[in-house]
Every structure is written in structure tokens, then in C-alpha cells.
Ligand SMILES: NC(=O)c1ccc[n+]([C@@H]2O[C@H](COP(=O)([O-])OP(=O)(O)OC[C@H]3O[C@@H](n4cnc5c(N)ncnc54)[C@H](OP(=O)(O)O)[C@@H]3O)[C@@H](O)[C@H]2O)c1
């Protein structure tokens, strides 16, 4: 058997500690599959004394991940520190320059510096593997890079943040508010103390930018992603979606359009019969619209130590076997500029919830404004004011929720129509807009 692959592991947190445990538990199977043993020989974290349930005396200890990356005794650096700057960036660069392969779960680093790091890996003829950076245990990076290497893609979209899907699932199933579900998610450890990054869609955007590059052969461009989170979604939206045959999910969507690659993250109405609509709780899923046959959907655990470690160890296994793929599926020189499709040109159906002022002419005014923008309606639902004649019935002058579902139109047309309706003062508050993503 060939000499063991010597691993330096930077980061011993949720993922790092799980990677150590998995390599230990699967030692024999890994050696058999890779044709050589995989041995962690050195580790790095901030606090040597912290109890991690690991016997760290078995490994050489480093306080500085860059020193670990430069150590000549390791063959591969596994970076599980996180963050888009140093020390993670410096450690990864040091390893690549030293002709050591790198395995990382760091979506923030790759979304910002992915192309430069891929170029560095290429120059030094080593691997830069990042399966764990997108959708945890779901092998979507390998699927796009290798499994579907012979195909073209029209669109790729997914539920890439378990926190958001957990919140939306509970809101839908129990009629709870966003705030109540968020509190529960925090209590159960599904959401961070500061949940902004997750619930406002930024985590999904970073992952989407990596998937878009892999799917469309473009340079990673996280700045090009249009981002909207789920904090404005109400139980009323989920109830209306249900009645209309949809569910609401936070999706990251990348589509090839005539004006470039559209990358967007926003709450999305998906048909209840779609594969992605069945995905509940913290589970992740990715649907790939492959040219020439029916869409393919991968579903599985998207985060947590064990799920993420599974992807990290598989990537280490590739290094052990000497398999080296271009990080984004093709040489960096072959990656095209992404060609950002402006969101204003986005085409699709819309769910619009308005609080209409109940006075004569309101409906006609709204209809006129939509018609001016050539927006046709698939359905209109006017919510009742309460039990008929009951004590909860509101007075005739109170605003009434109206829900409109449009046929395919453009973002620009919808925005213009809503601006006009607001100027006409026939609605109160801001209209709620949710884009509809149809099955292909
Ligand atoms: N958690 C998940 O479910 C998940 C899923 C997918 C991807 N990821 C990615 O995996 C990576 C690690 O995430 P995690 O959840 O495992 O993070 P974590 O629990 O916060 O662990 C981070 C580790 O890095 C160490 N560290 C931080 N700063 C350091 C420094 N300056 N020098 C040396 N060590 C340092 C910490 O040391 P101490 O322990 O001594 O503080 C800790 O062991 C991130 O890129 C994350 O985005 C995580």
C-alpha cells in the first residue's frame, strides 16, 4: 500500500472535531477505498485547553494555521476555521503555494476569493476541494463537476440554508409568526444568536455563487447575486400560497438568460407538486435543470458536524487517491466572465399581496395600473373581512387584503405598476411581492 496521506487539520470546532471522529471511525474503509491510509498528524485551533472530546495529545499542536499550512510534514491542509479573510485565507494560500492540496468547507472564502485560489491551486498543480461549502452532505459539487460533466444546464436552484427552511416549514405547518419560529430555531441551535446572515439570504447567496460558477462555467461572482431574505414573510402569505397550490421556500436560483446569468436569492413560491416543495425542516435540496432530460433533485442534510464532515472526508479521499479536478470544473482561463443579468429584467410570475383601501374605484385603479404594464392576472383572491356578519366583521371602510397572481411578466413591470398604485393611494403599506418559480 502507498504511504499514508498526512493531514493537517486547521479548526477543531463543530466540523473539525467531526472530521477527526469520522476519519477515526472509518479508518479501515477509507484506507481500502483510497489505496492508502489517511492520517491526521497535526491540528490547529485557538484554545489548546478546550475540552473537545478529542485526545489532542495524539497530534502535533499548532496555534497558528499558517504555520501548520507551511509545515513540510503535511500533504494536505484541511481548513475548517471559516471567514473570508485571514487566517483562513493566508493558511489556504500558504498550503497551495507550498504545493499542498487544500480541502475546505469555507463558502465565505470561496465566494470572495474562489477564482484567485483556484488559479493558485492550478499553478501549483494541487487540488482545492470544497464539497462541504455547499449543502453539507449533498454531493452537489461533484455532481456538477464530474457526474454531469457531459451536460449543459438551463437552471439550478436550491434550498441551501436549513435555518430558513426550518422557519418557513414551522410557519406554514403551525401558522406561527416569523419571530416566534426564529426564537425556537435559536433555542434548538438551528439559528445563530445573530441570525441576519442566514435569514436575510446572504449565506444562500454565497453558496449559490459557487453553484452558478460550476453549472455555467463562469467566474464566481457573489456580488452579482440579488438577495432578499425571509423576514417579511407572514403566516398570511403561507396560507394564501397553500390555497393557491404553492409553498414558499427561500431559494437560491441561477438561470442562464439572454442577458447573462441571473443569480438571485429570495422567498419563492414553488408548486406544491415540485420536488423542492417536499423538502421540510432543516433539510437542503438542489434541483438541476439538465438540458435534454427531466430535472434532477438531490436532497439531504445541509449542515451540522456529521453531515459536513462527510463531504470533507470524501474530498480528503480524492486527494489520497490522487484525483485532481479543476476546482470550478474547468481551468481558470476557461471560466467566462459571469455577465450579470439585471434583476429588473427578471421574467416570471408574481404573487402580489396588497392591502387595498376599501373605496369605490380601487379595484379598477389597480387593474388599470397592471394593464398599463401589460401584466395579466392568473387569479385574484379578495380576503373576507371576518366571519359573515359576526362580531369580528370589520367596518366597510377598513382595508382588505387582495392577492394577485400574475402570468409571466418582468420585475420592472411589476415594480412600476406597484409604484403607480402607491401613488394613487389605493393601498396601504408596502405591497408584498413573491416571485413564482415554475417547474420546467
Ligand atoms: N457548522 C456547520 O454546520 C457548517 C456547515 C457547512 C460548512 N461549514 C463551514 O465550516 C467551517 C467551520 O465551521 P464550524 O461550524 O466548525 O466553526 P466553529 O465551530 O466556530 O470552529 C472554528 C474552529 O476554528 C478555530 N479557529 C478560529 N479562529 C482561529 C484562529 N485565528 N486560529 C486558529 N484557529 C482558529 C476555532 O478554535 P477554538 O475551538 O479554539 O475556538 C475552532 O476550533 C466554516 O467555514 C463554516 O462556514 C460549517
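Residue numbers (the working numbering): 151 to 590.
Glycine included, C-beta positions come from ideal geometry on N, C-alpha and C.
For clarity, every value in this text was computed on a predicted model and none was experimentally measured.
Each of 394, 358, 462 was checked against the Cα of residue 282, and the nearest Cα belongs to 462. Put simply, the stretch 439-454 does not touch the stretch 222-232. Fewer than three CB pairs are less than 8 Å apart.
Using a cutoff of 8 Å, the CB of residue 345 does not count as near ligand 1, since none of the ligand's heavy atoms is closer than that. Residue range 155-160 is occupied by the beta strand (DSSP E) that includes residue 156.
Per DSSP, residue 272 has no beta-bridge partner at all. Checking the 8 Å criterion, the Cβ of residue 242 is out of range of every heavy atom belonging to ligand 1.
Looking only at 313, 318, 242, 422, the smallest Cα-Cα distance to residue 278 is reached by 242. With at least 16 other beta carbons inside 10 angstroms of its own, residue 215 counts as buried.
For residue 529, the uninterrupted beta strand (DSSP E) run begins and ends at 527-532, by DSSP. Look at residue 432 here: in three-state DSSP terms it is coil, with no helix or strand label. Using a Cβ distance threshold of 9 Å, residue 362 and residue 306 count as a contacting pair. Within the same chain, Cβ atoms closer than 8 Å to the Cβ of residue 336 are found at 342, 343, 345, the five residues on either side in sequence being excluded.
Under the criterion of beta carbons closer than 8 Å, residue 156 and residue 191 qualify as touching, at roughly 5 Å. When DSSP states are grouped into helix, strand and coil, residue 251 belongs to the strand group. Taking a cut-off of 8 Å for Cβ pairs, the stretch 448-456 and the stretch 464-471 do not touch, as fewer than three such pairs fall below it. Using a cutoff of 8 Å, the CB of residue 215 counts as near ligand 1, since one of the ligand's heavy atoms is closer than that.
As DSSP reads the structure, residue 189 sits in a beta bridge with 156. Distance between residue 508 and residue 571, taken at the CA atoms: about 14 Å. In this structure residue 530 is exposed. Its beta-carbon is surrounded by fewer than 16 other beta-carbon atoms within 10 angstroms. At least one heavy atom of ligand 1 lies less than 8 Å from the C-beta of residue 165.
The Cβ atoms of residue 284 and residue 251 do not sit closer than 9 Å to each other.
Cβ-Cβ distances below 7 Å link residue 325 to 385 in the same chain, with the five nearest sequence neighbours on each side left out; the list follows chain order. Remark: the C-beta of residue 162 is in contact range of ligand 1, defined as less than 8 Å to any heavy atom. In this structure, the straight-line span from the alpha carbon of residue 350 to that of residue 222 is close to 42 Å.
By the 16-neighbour rule on beta-carbons within 10 angstroms, residue 200 is exposed. Relative to ligand 1, even the nearest heavy atom lies 8 Å or more away from the CB of residue 279.
Boundaries of the beta strand (DSSP E) around residue 229: 226-229. Remark: the C-beta of residue 158 is outside contact range of ligand 1, defined as less than 8 Å to any heavy atom.
Between the stretch 492-503 and the stretch 578-587 there are three or more inter-stretch CB-CB distances shorter than 8 Å, so the stretches are counted as touching. In this chain, residue 294 is not harboured by any beta strand (DSSP E), its DSSP state being neither H nor E. When the alpha-carbon of residue 323 is set against those of 495, 440, 429, 569, the nearest one is in 429.
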